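Reading through the structure tokens given below for one structure.
Number of protein chains: 2
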Amino acid sequence: MTAEEPKKTRSTAQKAVIRSALESEKRFVSAQQLHRTLEDQGHTVGLATVYRQLNSLSDSGHADSITIAEKQLFRACAQDEHHHHLVCENCGKAVEVEPPSEDWITTTARVHGFEVTRHMFEIFGLCAECAASAQSR
Amino acid sequence: MTAEEPKKTRSTAQKAVIRSALESEKRFVSAQQLHRTLEDQGHTVGLATVYRQLNSLSDSGHADSITIAEKQLFRACAQDEHHHHLVCENCGKAVEVEPPSEDWITTTARVHGFEVTRHMFEIFGLCAECAASAQSR
DNA sequence: TCCGCTAATGGTAACGTTTTTCATTAATAC
DNA sequence: GTATTAATGAAAAACGTTACCATTAGCGGA
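Taken in order, these protein sequences are the chains called X and E.
Take 1 as the starting number for the first sequence in the numbering used here and just add one per residue.
Take 138 as the starting number for the second sequence in the numbering used here and just add one per residue.
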């Protein structure tokens, strides 16, 4: 019964930089990729901080995260609502997609005695550019 | 233009043991869990071998794998066809489910200029038993 | 404006999982 | 049986990620 703590956070330069860097990416990127990007831009941000911010953005719903090849990738998402992605396996570019009714999920789960907590659905493929360059390979 | 090598493999006791151990699980298990299980059963199999076999089973399509909390989990799958799971987040128990038509996937992808290579769709929740024990907590 | 509190940072060490290495074992073909 | 070499296992390396902790710096109040 502990009351909801106000939980004061401070706005720092690093937070702003990380967040804006993530938002300017339309691809899913890893913490390390983002860290390198920031370094290249001349910003000195610790890797630990990048991890921390990315995780907190993900927790607060300001970023989506998926796991590919044992690596966690992040992407900023504007809308707070639940949504899914169409991800390019080559360059990481992603598009948010809207699947048809997901009602059957809870229905199906109930049939098996399950109580749904969450679901994930991601489509992987090659975007137009990557598909083109792959063909000419 | 290298011809398809016959790629001869040898059947070993370890392969058999690992495969049968995985098949007797109706849950998703990690390499380490399976390794411990084998040890408990009196089998002495190297951890590296468990990893190797699990990966090769996954590659050959004889096992499905998902990633939860940075860990890779495996599960034997009888059917070679594409399928999805309803997974208990607590105990790992899984049921194969059949989603409605997935035609819209390729359609949607095409709209965005993507060429679909694969898609993943997993539902997570609590099975009847785990939900019950969670409530009485 | 300065002060004090402490959230946040950053470098590094630690961690856990997975892969690689390499000498040894053993499955297959002859 | 013998030769060949795929497969194994123990340990080390690699990898992504988190924890630690001394230091920095937001922010509210004197």
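By construction, the Cβ of each residue, glycine as well, lies at the ideal position given by its N, Cα and C atoms.
Computed from a predicted structure; not experimentally measured.
Contact with chain X by E252 (chain E), beta-carbon distance below 8 Å: The residue you call residue 252 (chain E) lines up with position 115 of the second sequence. Cβ-Cβ to chain X under 8 Å: yes for E252 (chain E).
Could you tell me which of X:A76, X:K71 and X:G92 sits nearest to S58 (chain X), measuring between CA atoms? Stepping through the first sequence from its first residue, residue 58 (chain X) is reached at position 58. It is X:A76 whose Cα lies nearest to the Cα of S58 (chain X).
Can you tell me the Cα-Cα spacing of T107 (chain X) and H85 (chain X), whole angstroms? The residue given as residue 107 (chain X) occupies position 107 in the first sequence. The residue given as residue 85 (chain X) occupies position 85 in the first sequence. Answer to the nearest angstrom: the Cα atoms are 23 Å apart.
Could you name the residues of chain E that V97 (chain X) contacts, counting a contact when the two beta carbons are closer than 7 Å? The residue labelled residue 97 (chain X) in the question sits at position 97 within the first sequence. The answer, in chain order, is T245.
Just verifying my parser: in three-state terms, what is the DSSP assignment at E122 (chain X)? As a first step, residue 122 (chain X) is located in the first sequence; it is residue number 122 there, counting from the start. Secondary structure of E122 (chain X) (DSSP, three-state): strand.
In terms of alpha-carbon separation, which member of X:L22, X:A109 and X:T12 lies closest to K93 (chain X)? The residue labelled residue 93 (chain X) in the question sits at position 93 within the first sequence. K93 (chain X) has its Cα closest to that of X:L22, out of X:L22, X:A109 and X:T12.
Out of curiosity, what's the CA-to-CA distance linking D64 (chain X) and S148 (chain E)? Working through the first sequence from its first residue, we reach residue 64 (chain X) at position 64. Working through the second sequence from its first residue, we reach residue 148 (chain E) at position 11. If you draw a straight line from the Cα of D64 (chain X) to the Cα of S148 (chain E), it comes to about 43 Å.
Environment of A140 (chain E) [buried if 16+ CB atoms lie within 10 Å]: Within the second sequence, residue 140 (chain E) is the residue found at index 3, counting from 1. A caution first: A140 (chain E) carries a pLDDT of 46, below 50, which makes its placement in the model unreliable, though a value can still be read off. Classification for A140 (chain E): exposed.
Where do the N-terminal and C-terminal ends of the alpha helix (DSSP H) with H84 (chain X) fall, by residue? Along the first sequence, read from residue 1 onward, the residue named residue 84 (chain X) stands at position 84. Taken as a continuous stretch (DSSP letters only), H84 (chain X) belongs to no alpha helix (DSSP H), being part of the beta strand (DSSP E) at H84 to C88.
I want to verify the contact list: residues of chain X whose CB lies under 8 Å from the CB of L223 (chain E), in sequence order. Counted from its first residue, the second sequence places residue 223 (chain E) at position 86. Neighbours of L223 (chain E) in chain X, taken as residues whose beta carbon is under 8 Å from its own, are T108, A109, H112 and F114 in chain order.
The region 119-133 of chain X: positions lying closer than 9 Å to chain E by Cβ: Using a CB distance below 9 Å, the part of the region 119-133 of chain X facing chain E consists of H119, M120, F121, E122, I123, F124, G125, L126, C127, A128, E129, C130 and A131, ordered along the chain.
Spatial neighbours of C228 (chain E) in its chain, beta-carbon cut-off 7 Å, leaving aside the 5 residues before and after: For the purposes of this step, residue 228 (chain E) is taken as the residue at position 91 of the second sequence. For C228 (chain E), where only same-chain residues beyond five positions count, the Cβ hits under 7 Å are R164, C264 and C267.
Within 8 Å of any Cβ in chain E, is that where the Cβ of E25 (chain X) sits? Along the first sequence, read from residue 1 onward, the residue named residue 25 (chain X) stands at position 25. No, because no Cβ of chain E sits closer than 8 Å to the Cβ of E25 (chain X).
Return the residue from the list X:E81, X:S60, X:L54 and X:H83 that minimises the CA-CA distance to L73 (chain X). Position 73 of the first sequence, counted from the first residue, corresponds to residue 73 (chain X). Distance from the Cα of L73 (chain X) is smallest, within the candidate group X:E81, X:S60, X:L54 and X:H83, for X:L54.
Is there a Cβ from chain E that is less than 8 Å from the Cβ of E81 (chain X)? Position 81 of the first sequence holds residue 81 (chain X). It does not; no Cβ of chain E falls within 8 Å.
Interface flag, T139 (chain E) vs chain X, CB-CB below 8 Å: On the second sequence, position 2 is the one that residue 139 (chain E) refers to. Any reading at T139 (chain E) must be qualified, since the residue scores a pLDDT of 45, below 50, and its modelled position is unreliable; the value itself is stated next. For T139 (chain E), the closest Cβ of chain X is not nearer than 8 Å.
Within its chain, find whatever has a CB closer than 7 Å to the CB of H119 (chain X); leave out the 5 residues flanking it on each side and keep chain order. As a first step, residue 119 (chain X) is located in the first sequence; it is residue number 119 there, counting from the start. Once the five neighbours on either side are set aside, the close Cβ partners of H119 (chain X) are I105.
Could you tell me the alpha carbon to alpha carbon distance between A69 (chain X) and I123 (chain X), rounded to whole angstroms? Taking the first residue of the first sequence as 1, we reach residue 69 (chain X) at position 69. Taking the first residue of the first sequence as 1, we reach residue 123 (chain X) at position 123. Distance between the alpha carbons of A69 (chain X) and I123 (chain X) is about 15 Å.
Buried versus exposed, by CB contacts within 10 Å (16 or more), V248 (chain E): Within the second sequence, the letter at position 111 stands for residue 248 (chain E). When all chains shown are included, V248 (chain E) counts as exposed.
Could you tell me which residues DSSP puts in a beta bridge with S30 (chain X)? Start at 1 with the first residue of the first sequence, and residue 30 (chain X) comes out as number 30. Its beta-bridge partners are X:L73.
Under the three-state reduction of DSSP, which class applies to E129 (chain X): helix, strand or coil? Walking along the first sequence from the start, residue 129 (chain X) turns up at place 129. Under the three-state reduction of DSSP output, E129 (chain X) falls in the helix class.
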